[in-house]
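What follows is one structure encoded as structure tokens, with my remarks underneath.
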Amino acid sequence: MRNYLPEGRLLNTPQNKYYLRDAATFEEAKKQDLILESHALMCDPKHDLIVELPFGKGIIPRSEGAIGIEEGSVRDIALLSRVNKTVCFKIMEITRSGGETAYILSRRKAQEECRRKYTDTLKRGDVIPARITHLEPFGCFVDIGCGIVSLIPIDSISVSRIAHPCDRFFNGQDIFAVVKDISQDRITLSHKELLGTWEQNAALFHPGDTVGGIIRSVEEYGVFVELTPNLAGLAEPQTGLHPGQSASVYIKAIIPDRMKVKLIIIDVFENCAFPAKYDYFVTSGHMDSWIYSTSNANKYISTEF
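Each residue of the sequence shown is one higher than the one before, starting from 384 at the first, in our numbering.
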């Protein structure tokens, strides 16, 4: 089992459950210097995180809450925002006083090991699991391992353009991403390359099909309807429509050499639902490059890693 996963992914694994079973197995985990996960119950006035354990009190002192907290490069909101969520940790110390046992834990040490043994070894083009933690107009922040955060810019989320990352993701969602850039200690990710080329997406549809889609743009010359995150078609202009509406559309034609899908809108309705899971074409390994365009198209869209 790989330990350097986004926080929450270890919680219900057999290994994690075993070591949280009782005090004896917890001490085994300390001797083996393992990374475990449990639930953060609260953050006290000193900004120590109190962690749920079945057999005692778990404490992550403020200075051990995250890389950068003690130095001031990370704000305390990084600790406050972990309340009622899963946190990873290593076991630093077990203290006993007055019949009570306290377990001193460190999230920072788990992050340092994750950085040293995992994130520092990543290269451009590596495909990794991630978990959405926060959405902003410019992109989404994701946990790439033990609470270490990376960014997916909005223009790297999908080929089909969206107004805000919330059009595509929700907090806590598990996704895959590819390493796009590494600059000092900052890793930037991309997502669209894992969702397939134009041909791969177009192969899912056929002229004559009537399928569902989402209106992404309404222009004077037509309405762009997203069929998949990496494929949109154009329907004739209609009034009274707006981005975000759902639609049922008839596929009139698929034209590979122009990378065009011609549509006829059958019905439009309000529906904000979107997939909780994506149909990825790539979920592991390494990518040197990605070419979205068809071989004879006049528009060339690609990514070099």
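Ideal Cβ positions, reconstructed from N, Cα and C, are used throughout, including at glycine. Note that the coordinates shown come from a computational prediction; the quantities given were computed from them, not determined experimentally.
Shown here, TYR486 sits in a strand according to DSSP, grouped into three states.
Note that the C-beta distance between GLU582 and VAL561 is not below 8 Å. The beta strand (DSSP E) runs of length 3 or more contained entirely in the stretch 531-617 are, from start to end of the chain, 531-536, 557-566, 569-573, 593-602 and 605-611. Measuring C-alpha to C-alpha distances from THR677 to each of GLY579, LYS645, THR666 and LEU419 identifies GLY579 as the nearest. Using a Cβ distance threshold of 8 Å, LYS500 and TYR387 count as a contacting pair. The DSSP-derived three-state label of TYR501 is coil. Rounded to the nearest angstrom, the Cβ distance from VAL608 to ALA630 is 6 Å, consistent with a contact under 8 Å. Taking a C-beta distance under 8 Å as the contact criterion, LEU624 and LEU646 do not qualify as a contact pair. Per DSSP, GLU411 is not a residue of any beta strand (DSSP E); the alpha helix (DSSP H) it occupies stretches across 406-415. Cβ-Cβ separation between PRO512 and ASP557: approximately 7 Å, consistent with a contact (criterion under 8 Å). CA-CA distance, LEU518 to SER533, rounds to 12 Å. Between VAL594 and THR504, the alpha-carbon positions lie close to 43 Å from each other. Straight through space, the alpha carbons of LEU419 and ASP671 are spaced by roughly 34 Å.
Comparing alpha carbon positions, the residue from ILE442, THR484, ARG507 and PRO520 closest to ARG490 is ILE442.
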